[in-house]
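Asks:
Number of protein chains: 2
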Amino acid sequence: MVVKKRVTLKDVATVAGVSKMTASRALRGASDVSKSNVDKVRQAAKDIGYIGNHLALSLSSQRSNLIGVIVPSVANIVFAEVLAGIAEAIENSGMQPVFGVTDYDATKEYDAVRNMLSWNPAGLIVTGLDQPEDTRRLLLNADIPIVQIMDTDGDPVDVCVGFSHVRAGEAMAEALLATGRKRFGYVGCGLVQDTRANKRLGGFKRALAKRKLGVIGIETSEEHSTLAAGRRLTAQVLKKIPELDCIYYSNDDLAAGGAFHCISEGIAVPEQLMLAGFNGLDLVKSLPVRIATSLTSRRDIGIEAVNVILRRQREGSDTKNRCFDHPPHIDLGL
Amino acid sequence: MVVKKRVTLKDVATVAGVSKMTASRALRGASDVSKSNVDKVRQAAKDIGYIGNHLALSLSSQRSNLIGVIVPSVANIVFAEVLAGIAEAIENSGMQPVFGVTDYDATKEYDAVRNMLSWNPAGLIVTGLDQPEDTRRLLLNADIPIVQIMDTDGDPVDVCVGFSHVRAGEAMAEALLATGRKRFGYVGCGLVQDTRANKRLGGFKRALAKRKLGVIGIETSEEHSTLAAGRRLTAQVLKKIPELDCIYYSNDDLAAGGAFHCISEGIAVPEQLMLAGFNGLDLVKSLPVRIATSLTSRRDIGIEAVNVILRRQREGSDTKNRCFDHPPHIDLGL
DNA sequence: CTGAAAGCGCTAACAC
DNA sequence: GTGTTAGCGCTTTCAG
């Protein structure tokens with residue numbers, strides 16, 4: 152069997168009876184090619200099944216249509232929705248996303264950034280503002296738009312798109328205090344890795360402290376956030392401190408798990424016990440009991456991150472050092 | 152300000168005082184370089200912050216470390232988990248995933264495949280077996296491993312990893328029949344696009360027909376599957392046919408929505424009405440009522456898909472035309 | 001063990 | 001309008 156040789160631009164040119172350059176220009180829809188040649192080239196490309204080679208294109212033109220995206224996890228619906236926003240915004244832009252997953256691990260993040268950069272991407276989207284020094288240096292030296300997403304509490308390398316988790320925690324505390332709640336518990340998972348959940352907890356406590364209150368029951372675990380974990384930790388915290396009238400969770404998955412516990416145990420939510428999550432997942436909106444949450448704009452954040460890069464490509468660096476805030480909306484579910 | 156010029160291999164070589172080739176070999180951990188030169192080169196690379204250029208590497212070596220992945224959606228947790236499996240398996244393989252999203256649109260899928268191929272990927276993972284003719288031709292002509300995932304009901308281009316949705320639907324019908332249920336309803340979303348959900352429904356009906364039974368109440372909608380939609384459609388189908396004793400849903404999101412409806416309305420699940428979803432999401436396991444589902448191995452499918460490609464790279468095409476079955480397990484939740 | 005030459009497939013910059 | 005000449009940054013191949 153004959154080895155299938157990749158069809159190249161040269162083949163197209165030969166078949167069309169023109170030079171490589173004319174073929175190249177014709178396929179890219181350049182202005183300066185005669186109508187008849189454009190047709191000939193297009194037809195030839197179609198006939199022999201020309202696909203093109205982005206590697207050569209990018210290497211030669213010194214710019215690629217790749218946008219690197221680095222997230223801690225994809226199995227987490229929150230990041231999956233950010234990716235969905237990114238995919239949506241990238242569509243029709245001629246760009247292509249390349250993904251890296253860090254598993255909340257700094258070493259993997261460093262490697263992912265390095266790897267990404269070696270593809271000469273047009274821009275890089277990374278999660279969070281708190282990269283360790285070596286990773287940050289890599290980002291600073293990269294001569295492309297760097298968009299840090301999901302957080303604004305810190306000093307961005309270039310541009311950040313997200314919101315302040317500290318303020319989000321404060322806001323939720325204030326909203327809950329306004330409903331008259333006084334005995335607060337907290338349930339969280341994976342806090343060691345999850346800087347942003349920690350920031351929220353910090354803000355939450357600070358706002359309580361202003362009213363001379365605090366978190367009187369706390370239950371955490373280093374496993375991943377799941378409904379089952381939320382259920383279990385809620386049972387635990389209520390066993391220790393049954394008089395709680397409100398529990399703040401590090402996210403909606405845990406809070407929904409808490410809601411399931413309450414439904415099973417006949418605890419009236421929110422009358423007897425108020426639950427507050429974070430993210431505003433679809434799940435929470437459909438729960439048979441009403442719980443509070445902060446609605447974050449994951450999709451919009453993804454879209455804006457891409458747009459920052461696309462805009463920069465066209466207009467130059469006028470948006471340098473900017474911060475795009477997408478503050479969450481509190482929904483008490485009442 | 153001086154324009155930051157990209158650091159190239161040549162720079163490393165110059166600093167280390169060797170030729171480009173020696174530098175290249177040293178950095179790739181080649182055997183045939185003197186210890187002292189390896190050290191010199193490594194040090195030089197570190198000092199000047201050499202990152203490398205995958206574009207040039209891949210173009211020159213005629214192989215890339217990219218694995219293309221094309222899924223219909225990322226906001227869907229099921230595909231997000233497949234991606235998580237892919238990311239997990241890819242880790243430490245030196246490969247990198249490139250993503251494309253089709254939104255269940257055949258044209259977008261064709262473009263995504265074409266785009267992917269123009270990066271000379273080491274392999275391609277695409278969702279489903281039912282690509283239209285033109286896309287299929289593209290895949291057939293690509294001289295790389297093509298893995299079609301999530302389905303085995305059909306004729307794979309190369310290798311497929313997944314399970315039979317027809318059999319999955321049949322199996323669920325049989326399991327439900329075995330519990331004595333007789334009056335079946337069906338609730339589904341987005342069926343026009345979702346070939347695989349349709350295959351399940353087909354299998355489900357066929358198995359019922361064998362017992363001279365059928366689906367006596369059906370409620371569908373072309374929106375995306377959400378808990379809210381499940382809740383609403385369940386209310387609708389029960390309003391029309393209140394005597395149903397079992398509802399099969401096109402997936403777990405809808406089924407969980409149905410469960411929420413039942414909890415709110417005081418319908419006893421599963422005593423009075425049995426609900427059956429599909430996928431075995433975390434959500435279902437933690438619900439305050441027990442519903443049936445088919446546990447699919449999304450993560451494993453992603454992992455196996457990558458492994459097929461990695462294996463092929465090393466061992467040649469011995470796995471050509473194979474089908475890897477990961478049949479779902481039925482959990483009646485009783 | 002090391003280096004020089006050639007070229008991967010394409011486009012930028014000039015010619016004509 | 002079109003073609004030619006040089007590369008992009010790396011690896012392959014082949015000499016030493």
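Residue numbers (the numbering used here), protein chains in the order written: chain A, 152 to 485; chain B, 152 to 485. Just so it is clear, CB atoms sit at the ideal spot from N, CA and C, and this is done for glycine as well.
1. Could you tell me how far apart the beta carbons of G236(B) and D451(B) are, in whole angstroms, since I believe they sit closer than 8 Å?
2. Please name the residue in L352(B), I418(B) and S209(B) whose C-alpha comes closest to that of E394(B).
3. Just checking: is the beta-carbon of S209(A) within a distance shorter than 8 Å of some beta-carbon in chain B?
4. Look at G336(A) and I369(A) and say whether their C-beta atoms are less than 8 Å apart.
5. For H480(B), which three-state DSSP category applies?
6. Assess contact between the region 207-217 of chain B and the region 200-217 of chain A, defined as three or more Cβ pairs (one per stretch) separated by less than 8 Å. Is contact present?
7. Go ahead and pull the three-state DSSP assignment for L446(B).
8. Suppose the cutoff is 6 Å on Cβ atoms and the five residues either side in sequence are ignored; what does the same chain contact list for L432(A) look like?
9. Report the neighbours of E232(A) on chain B: residues whose CB is nearer than 7 Å to its CB, in chain order.
10. Short of 7 Å in beta carbon distance, which residues of its chain neighbour E239(B), apart from the five on each side in sequence? Order them along the chain.
11. Could you check whether A181(B) and R193(B) sit closer than 8 Å to each other, using their CB atoms as the reference points?
12. Let me know the secondary structure DSSP gives M152(B) once reduced to three states.
13. For chain B, is any of its Cβ atoms less than 8 Å away from the one on R214(A)?
14. Which residues share a DSSP beta bridge with E370(B)?
15. Within 10 angstroms of its Cβ, does T447(B) collect 16 or more other Cβ (buried), or is it exposed?
16. Which one of S415(B), S244(B), C340(B) and A322(B) has the shortest CA to CA distance from S372(B)?
17. Does the beta carbon of A379(A) come closer than 8 Å to any beta carbon on chain B?
18. Label V298(B) either buried or exposed according to how many other C-beta atoms from any shown protein chain fall within 10 Å of its C-beta, with 16 as the threshold for buried.
19. R382(B) and V229(B) look like a contact to me (Cβ under 8 Å); what is the Cβ gap, rounded to whole Å?
20. Do you know offhand how far I202(A)'s Cα is from L291(B)'s?
21. When we look at the beta-carbon of G168(A) and count the other beta-carbons within 10 Å, is it buried (16 or more) or exposed?
22. According to the neighbour-count rule (16 or more other Cβ atoms, all chains shown, within 10 Å of its Cβ), is R157(B) buried or exposed?
23. Interface residues of chain A around K436(B) at Cβ under 8 Å?
24. Would you decide whether D304(A) is buried or exposed? Buried here means 16 or more other CB atoms lie within 10 Å of its CB.
25. Check whether the Cβ atoms of L327(B) and M425(B) lie closer than 8 Å to each other.
26. Against V252(A), what residues of chain B qualify as contacts under a CB-to-CB distance less than 7 Å, listed in chain order?
27. Can the beta-carbon of S415(A) be found less than 8 Å from the beta-carbon of S376(A)?
28. Just tell me which of V312(A), V277(A) and D198(A) has its CA closest to the CA of Y261(A).
29. Just tell me which of G320(A), I392(A), T385(A) and L438(A) has its CA closest to the CA of L378(B).
30. Is the Cβ of P296(B) closer than 8 Å to any Cβ of chain A?
31. Can you give, in chain order, each stretch of the alpha helix (DSSP H) that sits fully within the region 253-281 of chain A and has at least 4 residues?
32. If distances are taken between C-alpha atoms only, which option among G200(B), G219(B) and R465(B) comes closest to D160(B)?
33. Does chain B have any CB closer than 8 Å to the CB of R347(A)?
34. In whole angstroms, what is the alpha-carbon distance linking D476(A) and V312(A)?
35. Verify the CB distance criterion: does D433(B) have a CB-CB separation below 8 Å to chain A?
36. Along the chain, where does the alpha helix (DSSP H) containing A195(A) start, and where does it finish?
Replies: In this structure, then:
1. 6 Å
2. I418(B)
3. yes
4. yes
5. strand
6. The region 207-217 of chain B vs the region 200-217 of chain A: in contact.
7. strand
8. D403
9. A226
10. Taken in chain order, the residues that qualify are I454.
11. no
12. The predicted position of M152(B) is uncertain, since its pLDDT is 45 and thus under 50; no value can be drawn from it.
13. No Cβ of chain B is located within less than 8 Å of the beta carbon of R214(A).
14. V338(B)
15. buried
16. C340(B)
17. yes
18. buried
19. Contact doesn't hold; Cβ gap of about 20 Å is too wide.
20. 14 Å
21. Under this definition G168(A) is an exposed residue.
22. exposed
23. L378 and A379
24. buried
25. yes
26. Within chain B, the residues near V252(A) are A238.
27. no
28. V277(A)
29. L438(A)
30. no
31. 257-268
32. In the sequence on display, residue 160(B) carries Leu and not Asp. It is G200(B).
33. no
34. 6 Å
35. yes
36. A195(A): member of the alpha helix (DSSP H) spanning K186 to I199, first to last residue.
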